[in-house]
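Encoded as structure tokens, the structure appears first; notes follow it.
Residue numbers (the working numbering), protein chains in the order written: chain Y, 1 to 290; chain V, 291 to 690.
What follows is the structure, encoded as structure tokens:
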């Protein structure tokens, strides 16, 4: 295979894996912001929480990696419900500033709490053998873990798309995003819908946080460290849009990976450049409502 | 009335005299306790606490009071604020800690004005010690490991070509410059140079490793600010399959901090680093240090090169307090007392070069291998004795 094509495949593949991580972690944030108009800066905290659950499950309780991912996502989803119900709900009608103060406060509290219990040393998780090596696709080998990320991402996208576009609940969510008052007046219980969506979003964040351990290592500061990245994905994609979040994750993931490969001197410039250009042309993001 | 005045004077004399005899010396400690690099701070803090716990009684009649502040992110801004507070509010006569080079660089103007000696326990950019006559460094300069590594890589590891990859901030550039200087002097060629983003966030290292793989040098010399970056780099190195592709990983000891080595797995085996400390270093002081460490922090907690330097740092400060009999009010005397200080610590024999106020220490080339008990360990391949900061000897760039 020619050299250039080989490089392009590497960048596309690594970028795709990175994009899947971005998508899984950010999609919940996008829905929360689009649906509830709520600025949830504690989203990263739920992701971090999921990561630590997986660390405890695999390291201390001996649960295998993949079941741990499922357990952690569900657990964080359930844990996030009382937060939505008793804390977030009070501030749905408040100003952005109050929401930001509450949620960033929660994020810092979570960092302190997890530092107390887990310490600040980066954690890693034991992976099963089938995720450690390479998978050979005939023409070349790819790292198994990244291939796993890509497959998992594609499956989740399919499931989310189906749930969002084809099911009754999905229709209700879309209705509530478009026009909350109208949705309420036709008898949709928007409050309950919010709780459910919030839990699913937080659960997905937890999954993303757990998947990130292998990429970045996990420390309590994960809660705010990568938050800007998630917010960028959401802003570029457009609030509340599944399609937009996916497209933004792909564009950012692949261009950032390619940029790092070809022009490492530029550092994080590419991410910010994409953000600026997209938001200049489309201030509400790819699929946001203007 | 008169008698009272006399009594008052006598009491005053007693207090002043007593103060000189039994001083309570405040030591300002500035280390990162928050953020992704917090564990670097904790590695040094644990060594400080351990030394104080074991040796506070040796200072009698004097006592020490440790005042800790959070160094914050590796930008220097927070460090500057909290250190200024330590100087103006707490009136500490001596400062120590400082993991990040940007902190030490940002603080030079403050220290030069306040004239408070600062004993650096980590920050390794070579030219830092030139910024202030009140800086004394007990840890290392980036050149300590990187410069000897240049010749060693070419002559002994068999690197004819090398790629360099580094976290893009002063110590990273410094480490790479030192390696490159020595490596090219020995006859090697650096074919690729990759800055890997700022230190405050662990990046996805894969694209960088992929680039190295495609350039296919004999060796990859990498610098990262230890901690979480080290784990991330090693994972990407393993995942991309660089070792299989025949690219050896070499660098300073930051690549394989002892407290994270066990988690790094097979990817780390065969990595060769240059450094002044490893848990496996065989000397009496290190055995005693490790024993005390495990006794206090548990069998699963390990000291690393930062802890070893932290231990020696507190040792040097204690010796200074003893030497000056608890009176640290004259900063020049404090610095003079530290110049030429030497000990046989966990790192072996170390000394403060009186000319540069920087450390002189042994550097060991070490290879990661799997020990018979299944754990990863470091095997010492070669030792260079009494290494000085070569940057100041060669007067490179800002080291003049």
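Virtual Cβ for every residue (Gly too), placed ideally from N, Cα, C.
- Neighbours of residue 261 of chain Y across chain V, judged by C-beta separation under 7 Å: 497, 500 and 501.
- Counted as a single uninterrupted DSSP element, the beta strand (DSSP E) harbouring residue 135 of chain Y occupies residues 134 to 136.
- Bounds of the alpha helix (DSSP H) holding residue 333 of chain V are 328 to 345.
- The continuous stretches of beta strand (DSSP E) do not include residue 486 of chain V, and DSSP gives it neither H nor E.
- With the criterion set as a beta carbon lying under 8 Å from some beta carbon of chain V, the members of the stretch 144 to 166 of chain Y are 145 and 146, in sequence order.
- Listed along the chain, the chain Y residues whose CB falls inside 8 Å of the CB of residue 549 of chain V are 121.
- Closest option to residue 393 of chain V, judged by alpha-carbon separation, among V:380, V:446, V:374 and V:346: V:374.
- Chain V places no beta carbon closer than 8 Å to that of residue 128 of chain Y, leaving this residue out of the contacts.
- Ranking V:478, V:599 and V:319 by CA distance to the CA of residue 439 of chain V puts V:478 first.
- Residue 58 of chain Y does not reach chain V, its nearest Cβ partner there being about 12 Å away, counting only Cβ pairs nearer than 8 Å.
- Around the beta carbon of residue 622 of chain V, fewer than 16 other beta carbons sit within 10 angstroms, so the residue counts as exposed.
- Annotated three-state conformation of residue 567 of chain V is coil, per DSSP.
- For residue 541 of chain V, DSSP records a beta bridge to V:563.
- Of the residues Y:70, Y:207, Y:279 and Y:227, the one whose Cα lies closest to the Cα of residue 24 of chain Y is Y:207.
- The C-alpha of residue 28 of chain Y lies about 6 Å from the C-alpha of residue 204 of chain Y.
- The C-beta of residue 189 of chain Y comes no closer than 8 Å to any C-beta of chain V.
- Residue 215 of chain Y has a beta carbon lying within less than 8 Å of a beta carbon in chain V.
- When only Cα atoms are considered, residue 485 of chain V and residue 455 of chain V end up about 6 Å apart.
- In this structure, DSSP gives residue 198 of chain Y a helical state, which the three-state scheme calls helix.
- Per DSSP, reduced to three states, the secondary structure at residue 34 of chain Y is helical.
- Annotation for residue 65 of chain Y: the continuous alpha helix (DSSP H) segment containing it runs 65 to 83.
- Boundaries of the beta strand (DSSP E) around residue 634 of chain V: 632 to 635.
- Nearest Cα to residue 339 of chain V within the set V:498, V:386, V:534 and V:572: V:386.
- Around the beta-carbon of residue 185 of chain Y, fewer than 16 other beta-carbon atoms lie within 10 Å, marking it exposed.
- Taking the beta carbon of residue 521 of chain V as reference, the chain Y residues within 7 Å of it are 122, 124 and 217, listed in sequence order.
- Taking the C-beta atoms as reference points, residue 532 of chain V is found nearer than 8 Å to residue 510 of chain V.
- When secondary structure is reduced to three states using DSSP, residue 179 of chain Y falls in the coil class, being assigned neither helix nor strand.
- DSSP, reduced to helix, strand and coil, places residue 668 of chain V within a strand of the structure shown.
- Closest by C-alpha distance to residue 355 of chain V, out of V:406, V:384 and V:652, is V:384.
- Residues are counted here when their Cβ sits less than 9 Å from a Cβ of chain V; for the stretch 2 to 31 of chain Y these are 3, 6, 7, 10, 11, 14, 15, 17, 18 and 21, given in chain order.
- Listed in chain order, the positions of the stretch 262 to 278 of chain Y with a beta carbon within less than 7 Å of a beta carbon of chain V are 264, 265, 267 and 268.
- Secondary structure note for residue 652 of chain V: its beta strand (DSSP E) is the uninterrupted segment 649 to 660.
- For the stretch 71 to 84 of chain Y, there are no residues whose beta carbon sits under 7 Å from a beta carbon of chain V.
- Within chain Y, the residues 214 have their CB atoms less than 7 Å from the CB of residue 525 of chain V, given in chain order.
- Between residue 486 of chain V and chain Y, the shortest Cβ-Cβ separation is below 8 Å.
- For residue 456 of chain V, the enclosing beta strand (DSSP E) stretches over residues 451 to 456.
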